[in-house]
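> Okay, here's the structure, questions in a sec.
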Amino acid sequence: MKNRHFASTLLHWYAKHKRDLPWRNTHNPYIIWLSEIILQQTRVAQGLPYFEKFLEKFPKISDLASAPSDEVMRLWQGLGYYSRARNLHQCAKDIMTMHNGEFPNTYKELLKLKGVGSYTAAAIASFAFGEAVAVLDGNVFRVLGRYFGVSEDISSGQGKRAFEALANEQLSNENPAEYNQAIMEFGALQCTPKNPDCTSCSLQEGCFAFKENLVRDLPVKLGKVKVKTRYFNYLYIRCGSQIVVRQRPAGDIWQGLYDFPLEETEGALLQDIEELTFFGQFESKIEKIEFEPESTYKHILTHQRIFANFVTFVIQEKYLSKLDQWVNESGMELVSADKLESLGKPKLIVKFLTDEK
DNA sequence: GTCCTGTTTT
DNA sequence: AAAACAGGAC
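Counted the way UniProt numbering counts, the first sequence spans residues 1 to 357.
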């Protein structure tokens, strides 16, 4: 007989402390999948409004599959990690075309879906279909790492395998769904990264980290991110009621979102508009120019630090066709302010547009 | 390693 | 104000 103290304590704690969240009252795999993709790398408080918007707009997976991708990206605007939105949409289409609109119902098959990795596959398999497979997310690493005193690095392959084995060993086979929810909720509310509430903890007695005073040091996470700095000189070009926009290409940040024509520089932002290639081409046709290098925006990502300036150009309306030609040749678009509002944009762009008003 | 934004800590 | 942190897929 295995020692079930850990699992049963978590299950009791969960029954008493769990939050009532909309995706917890269903076995509908579409709703569970949607919530899990939105909550990847995202806290409940930030993801909840997006979950509600998406479910209202797309009540069924067929609704999501048939939506234009710009609409999906616009709805995702502000949530970050936009590949999740692209994968979400592609996955919905794949399920309609390759699975007759029905979700796969095993961990193994779920893992093949776009945007579904080991965590999300385990979550859907257990929550929707009751499969006995343990989830492994940041909360689970922390709770297991502390309670059992695992000192392996969670970012190494060896560490991950050790945690996976331990997680599946502790999993309640009677109720894998409740157990998975319980350990993650426990990590989110009780066994938090900073200042966990050890004094009121029902697992305190058997906790290795508490006993050895290692709560602050577990789990072990090595590996550092090196941040590179980039300089974006944005051109905010208007002509009559039209604005020049550009959809961001593959191979860089914010793929599929819209921003403005951009001249990126090395080492520093441009200090003079005459250094902009665009200025040379349109110098004689510019009515009004605003250049405010003092209002530089700083935008921080995990791996990049971006400094951005926005230079406003107002082109005389009689040169619209000339501008239109340049826009088309450069693979960009001229859109109205309303259209621009409706497009999915990075936070940096939304912030600039808000500040403009 | 590459992908984002919001919150917490310093 | 800046840095650190939180949160998985590819």
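Built from N, CA and C at the ideal position, the CB exists for glycine as well. Please read all numbers here as calculations on a predicted model, not as lab measurements.
(1) Report the partner residues of aspartate 259 according to the DSSP bridge assignment.
(2) Roughly how many angstroms lie between the CA atoms of leucine 257 and tyrosine 81, to the nearest whole one?
(3) Based on the DSSP output, what are the partners of leucine 334 in its beta bridges?
(4) Buried or exposed: which applies to glutamine 204, given that a residue is buried once 16 or more other Cβ atoms fall within 10 Å of its Cβ?
(5) Measure the alpha-carbon distance for proline 68 versus isoleucine 349 and round it to whole angstroms.
(6) Could you work out which residue in Gly101, Asn100, Val135 is closest to valine 116 when comparing CA atoms only?
(7) Assign glutamine 158 to buried or exposed, taking buried as 16 or more other Cβ atoms, counted over all protein chains shown, within 10 Å of its Cβ.
(8) Assuming tyrosine 231 and phenylalanine 6 form a contact by the criterion Cβ under 8 angstroms, report the distance between their Cβ atoms to the nearest whole angstrom.
(9) Classify leucine 64 as helix, strand or coil using the three-state DSSP reduction.
(10) How far does the alpha helix (DSSP H) with tyrosine 236 in it reach, from first residue to last?
(11) Pair every Cβ in the stretch 277 to 287 with every Cβ in the stretch 309 to 322, then say whether three or more of these pairs are closer than 8 angstroms.
(12) Can you give the beta carbon distance from asparagine 233 to glutamate 274, rounded, assuming they're within the 8 angstroms contact cut?
(13) What separation, rounded to the nearest whole angstrom, lies between the Cα atoms of alanine 92 and leucine 21?
(14) Taking the C-alpha atoms as reference points, what is the distance between aspartate 338 and asparagine 195?
(15) Glutamate 212 and glycine 149 look like a contact to me (Cβ under 8 angstroms); what is the Cβ gap, rounded to whole Å?
(16) If we ignore side chains and look at the alpha-carbon of each, how far apart do asparagine 139 and serine 200 end up?
(17) Methionine 1: buried (16+ other C-beta within 10 angstroms of its C-beta) or exposed?
(18) Buried or exposed, going by whether 16 or more other CB atoms sit within 10 Å of the CB of isoleucine 237?
(19) Excluding sequence positions up to five away, which residues of its chain have a Cβ less than 8 angstroms from the Cβ of leucine 11?
(20) Name the DSSP beta bridge partners of valine 220, please?
(21) By DSSP, does arginine 305 sit in helix, in strand, or in coil?
(22) Throw me the rounded Cβ distance for the phenylalanine 141 and proline 59 pair, which I believe falls under 8 angstroms.
(23) On the DSSP letters alone, give me the boundaries of the alpha helix (DSSP H) that isoleucine 31 sits inside.
(24) Exposed or buried, which one is methionine 184 when buried takes at least 16 other CB atoms within 10 Å?
(25) Grab me the residues of glycine 101's own chain with a C-beta within less than 7 angstroms of its C-beta, minus the 5 sequence neighbours each way, in chain order.
With the structure as the only source:
(1) The residue labelled residue 259 in the question sits at position 259 within the first sequence. Per DSSP, the beta bridge partners of aspartate 259 are Arg246.
(2) Position 257 of the first sequence, counting from 1, holds the residue named residue 257. Position 81 of the first sequence, counting from 1, holds the residue named residue 81. For leucine 257 and tyrosine 81, the distance between alpha carbons rounds to 11 angstroms.
(3) By 1-based counting over the first sequence, the position of residue 334 is 334. According to DSSP, which records beta bridges pairwise, leucine 334 is partnered with Val244.
(4) For the purposes of this step, residue 204 is taken as residue 204 along the first sequence, with counting starting at 1. Under this definition glutamine 204 is an exposed residue.
(5) Working through the first sequence from its first residue, we reach residue 68 at position 68. Working through the first sequence from its first residue, we reach residue 349 at position 349. Straight-line Cα distance between these residues: approximately 22 angstroms.
(6) Counted from its first residue, the first sequence places residue 116 at position 116. Comparing Cα positions, the closest option is Val135.
(7) Locating residue 158 in the first sequence gives position 158, counting from the first residue. Counting every other CB atom within 10 Å of its CB across the protein chains shown gives glutamine 158 a total below 16, marking it as exposed.
(8) In the first sequence, the residue the question calls residue 231 occupies position 231. In the first sequence, the residue the question calls residue 6 occupies position 6. With 8 angstroms as the limit, tyrosine 231 and phenylalanine 6 do not qualify as a contact, their Cβ atoms being about 51 angstroms apart.
(9) To locate residue 64, count along the first sequence from 1; it is residue 64. Residue state for leucine 64 is assigned as helix, using DSSP reduced to three classes.
(10) Within the first sequence, numbered from 1, the residue matching residue 236 stands at position 236. For tyrosine 236, there is no enclosing alpha helix (DSSP H); the residue is part of the beta strand (DSSP E) that begins and ends at 228 to 239.
(11) Cβ pair count under 8 angstroms is three or more, so yes.
(12) What you label residue 233 is simply residue 233 of the first sequence in a count that begins at 1. What you label residue 274 is simply residue 274 of the first sequence in a count that begins at 1. Not really, about 12 angstroms apart at Cβ, beyond 8 angstroms.
(13) Stepping through the first sequence from its first residue, residue 92 is reached at position 92. Stepping through the first sequence from its first residue, residue 21 is reached at position 21. Distance between the alpha carbons of alanine 92 and leucine 21 is about 23 angstroms.
(14) Residue numbering aside, residue 338 sits at position 338 when the first sequence is read from its first letter. Residue numbering aside, residue 195 sits at position 195 when the first sequence is read from its first letter. In this structure, the alpha-carbon of aspartate 338 lies about 46 angstroms from that of asparagine 195.
(15) Within the first sequence, the letter at position 212 stands for residue 212. Within the first sequence, the letter at position 149 stands for residue 149. Indeed, because the Cβ distance is near 7 angstroms, the residues count as touching under 8 angstroms.
(16) Position 139 of the first sequence holds residue 139. Position 200 of the first sequence holds residue 200. Rounded to the nearest whole angstrom, the C-alpha separation of asparagine 139 and serine 200 is 18 angstroms.
(17) What you label residue 1 is simply residue 1 of the first sequence in a count that begins at 1. The pLDDT assigned to methionine 1 is 45, lower than 50, so where the model puts this residue is not dependable; a value taken from the coordinates is nonetheless given after this. So methionine 1 ends up on the exposed side.
(18) Start at 1 with the first residue of the first sequence, and residue 237 comes out as number 237. Here isoleucine 237 is buried. Its C-beta has 16 or more other C-beta atoms within 10 Å.
(19) Within the first sequence, numbered from 1, the residue matching residue 11 stands at position 11. Here leucine 11 has Ser172, Asn175, Glu178, Tyr179, Ala182 as same chain residues with Cβ atoms under 8 angstroms from its own Cβ, once five neighbours each way along the sequence are excluded.
(20) Within the first sequence, the letter at position 220 stands for residue 220. According to DSSP, which records beta bridges pairwise, valine 220 is partnered with Asp153.
(21) Stepping through the first sequence from its first residue, residue 305 is reached at position 305. Looking at arginine 305 - three-state DSSP - the assignment turns out to be strand.
(22) Position 141 of the first sequence, counting from 1, holds the residue named residue 141. Position 59 of the first sequence, counting from 1, holds the residue named residue 59. With 8 angstroms as the limit, phenylalanine 141 and proline 59 do not qualify as a contact, their Cβ atoms being about 35 angstroms apart.
(23) In the first sequence, the residue the question calls residue 31 occupies position 31. 29 to 39 is the extent of the alpha helix (DSSP H) around isoleucine 31.
(24) Sequence index remark: in the first sequence, residue 184 carries index 184 (1-based). It is buried - the Cβ of methionine 184 has at least 16 other Cβ atoms within 10 Å.
(25) Translated into the one-based positions of the first sequence, residue 101 becomes position 101. The residues are Ile61, Ser62, Ile95.
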